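Chains as they are written, first to last, in our numbering: chain A, 1 to 339; chain B, 1001 to 1339.
Right, here's the structure in full:
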């Protein structure tokens, strides 16, 4: 098993397989068929979509049993190195099967922040038991996270028991990722001055675990100091709905130190939420939320795909911004004369 | 001018006035006509709505010049007392005209948390230059905040230069209020243990000013300690998009101490954002956001008002929660066969 380097080729051949062949391949844990199915999920073609939905619905009974872990942090914090270390630990020490996915809304792939530079996870990607899938390069954030969510189902059906979802800690993508994972890990750095520089407001509050990375050499002391500082800050926030009290730890992904500690914390967390029912509750809530959001998105799409609606909406937007129409009377007019 | 005690009576007579009569009344700063217009805005009747939209659109050129200030805090924090003190200061010392509105999504009015107990603002409500309007008791949060937003326009056209919008600091209503004000003030109390108890996550991050209320007598010391603690916590957050660094102060609404300080901070803030263009930018952004949200809301309403769509949606929701359908394939099916 290794990172799939032949997506284009798979795209060409995917039509040769029926949905039942692809399904059978996935359930027999064949990575090639998993990749074919993901490519279908990421496709914007109508017939591919239909096929993808059939496969996903058939995979559903075999899905849902993994631990879904979101990992975020600003570029430079060491996400790839952390996932490399953490993934290796899970596979080698804990006999897990690990899929690594990415949610990255940025169209500019040159930043290389997310799984772009595959070589950065070379050791992990060559391990038996690892599957690394770069972020789909298509479309809007909503589209990317829809594909990611469906990919989770496929990976679980293919036997992966741990799904790591990587995202950049600077935008809306965290909220999307939060809504598809069980556990949310925020990687940070100890730094002079404003410790949270670059991290969007609200991200810290979503974290179940803050890990100060690069706690090595001369940086060990500042990292420990940062840990205390964050612990105090987190203390000011009320308890999460999971009943879990967010933790702060240091680690060095480079030296693979404290990786076991991070793993043990995830264990504690999952033990807690499986016992108190939050695991089940959150999963159900997430599914319902995705259904409702996707439905609303589609309903609005249908409306806006109508050229006349679109043009009239744009014209009214302009009047609203200029203060010449109230938002609500503008909406009334638009809806009344909608196509 | 005083709090309007005759809404029911106004409802009866509102049909006797034409929109142009009501408009003329508002622009001549007649509170009776302002109240009639607000009652139209809060009405769910189709013809009232039409009339309200006409009036609001006609008021728009005369609106937008007030300072819109959101005030939130958990029940018991002293919101009413604070608004009473702050409002009196604004009117008596600064010669302002102050309208007090409320956004309160709770249907249970017995809590008396928001403007319910009118007597709590008796002094303010009897002042020339004050207008206090209780929260509309109808409908959903979205409906309440829509009415509040339109009421702001009406109050501004009627010559009010300061709009105070009160809300309870425990839910979604703060996000709504944040999207209709220029400045957001969070009232808090010094307390033992977890200082943020009861305040929803994320609310603190929205505040431009935190005020520790009840800094009086024996509570003075704990209040000052809390101020330091919050200052340190706020320091961890990155700068707001306004360029403003959120402040923390203590006050005693009861003894009317530090009320001038709070006022001076709002002045500093408005000076800054008028200079750096954020005032204009935020207002335009808010209008556009409201238009888009209201449009999306209406489009979805139209879809769900269809009985068959509604029934099928509920059935699919169930399958999604049970893990028998993927959210996205369920949506596809629903949209494909929509009415």
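Don't be surprised by glycine CBs; every beta carbon is placed ideally from N, CA and C.
None of these values were measured; they are calculated from a predicted model.
Would residue i count as contacting chain B if we go by Cβ distances under 7 Å?
i, result
"residue 279 of chain A", "no"
"residue 152 of chain A", "no"
"residue 57 of chain A", "yes"
"residue 329 of chain A", "yes"
"residue 290 of chain A", "yes"
"residue 294 of chain A", "yes"
"residue 26 of chain A", "no"
"residue 303 of chain A", "yes"
"residue 335 of chain A", "yes"
"residue 339 of chain A", "no"
Could you tell me if residue i is buried or exposed, where buried requires 16 or more neighbouring beta carbons within 10 angstroms of its beta carbon?
i, result
"residue 1318 of chain B", "exposed"
"residue 1108 of chain B", "For residue 1108 of chain B, the pLDDT reaches just 42, beneath the cut-off of 50, and the residue's location in the model is therefore unreliable, although a value from the coordinates is still provided. Its Cβ having fewer than 16 others within 10 Å, residue 1108 of chain B is exposed."
"residue 1174 of chain B", "buried"
"residue 1291 of chain B", "buried"
"residue 1320 of chain B", "buried"
"residue 315 of chain A", "exposed"
"residue 322 of chain A", "exposed"
"residue 1036 of chain B", "buried"
"residue 1076 of chain B", "exposed"
"residue 61 of chain A", "exposed"
"residue 128 of chain A", "exposed"
"residue 149 of chain A", "buried"
"residue 82 of chain A", "buried"
"residue 301 of chain A", "exposed"
"residue 325 of chain A", "buried"
"residue 47 of chain A", "exposed"
"residue 1021 of chain B", "exposed"
"residue 1088 of chain B", "buried"
"residue 971 of chain B", "Given a span of 1001 to 1339 for chain B in the structure shown, any question on residue 971 of chain B remains unanswerable."
"residue 339 of chain A", "exposed"
"residue 1350 of chain B", "No information on residue 1350 of chain B is available, as it lies outside the stretch 1001 to 1339 that chain B covers here."
Mind checking if residue i is an interface residue toward chain A, Cβ cutoff 7 Å exclusive?
i, result
"residue 1075 of chain B", "no"
"residue 1299 of chain B", "yes"
"residue 1321 of chain B", "yes"
"residue 1326 of chain B", "yes"
"residue 1060 of chain B", "yes"
"residue 1284 of chain B", "yes"
"residue 1287 of chain B", "yes"
How about residue i: is its C-beta nearer than 7 Å to some C-beta of chain D?
i, result
"residue 1233 of chain B", "Within the model displayed, chain D is absent; protein chains A and B are what it includes."
Taking DSSP's pairing of strands, which residues face residue i in a bridge?
i, result
"residue 1069 of chain B", "B:1164 and B:1183"
"residue 1214 of chain B", "DSSP, once it has assigned bridges, lists no residue as partnering residue 1214 of chain B."
"residue 249 of chain A", "A:211"
"residue 1189 of chain B", "B:1213"
"residue 1130 of chain B", "B:1098"
"residue 1257 of chain B", "B:1252"
Hey, is residue i close to the ligand HEM, as in C-beta under 6 Å from one of its heavy atoms?
i, result
"residue 1188 of chain B", "Among the components of this structure there are no ligands whatsoever, and the ligand HEM is therefore not found."
Check whether the stretch 240–257 of chain A touches the stretch 283–295 of chain A, counting contact only when three or more Cβ pairs, one atom from each stretch, lie closer than 8 Å.
no
Please confirm if the stretch 323–339 of chain A is in contact with the stretch 1057–1068 of chain B, defined as three or more CB-CB distances below 8 Å between the two stretches.
yes
How do the stretch 1259–1267 of chain B and the stretch 266–276 of chain A stand: do at least 3 beta-carbon pairs fall below 8 Å, yes or no?
At 8 Å Cβ cutoff, the stretches do not touch.
Quick check on the DSSP output: what are the complete beta strand (DSSP E) runs of length 3 or more inside the stretch 1047–1102 of chain B, in order along the chain?
Runs found: 1067–1073.
Is the stretch 1088–1096 of chain B close to the stretch 1206–1224 of chain B, with three or more CB pairs under 8 Å?
no
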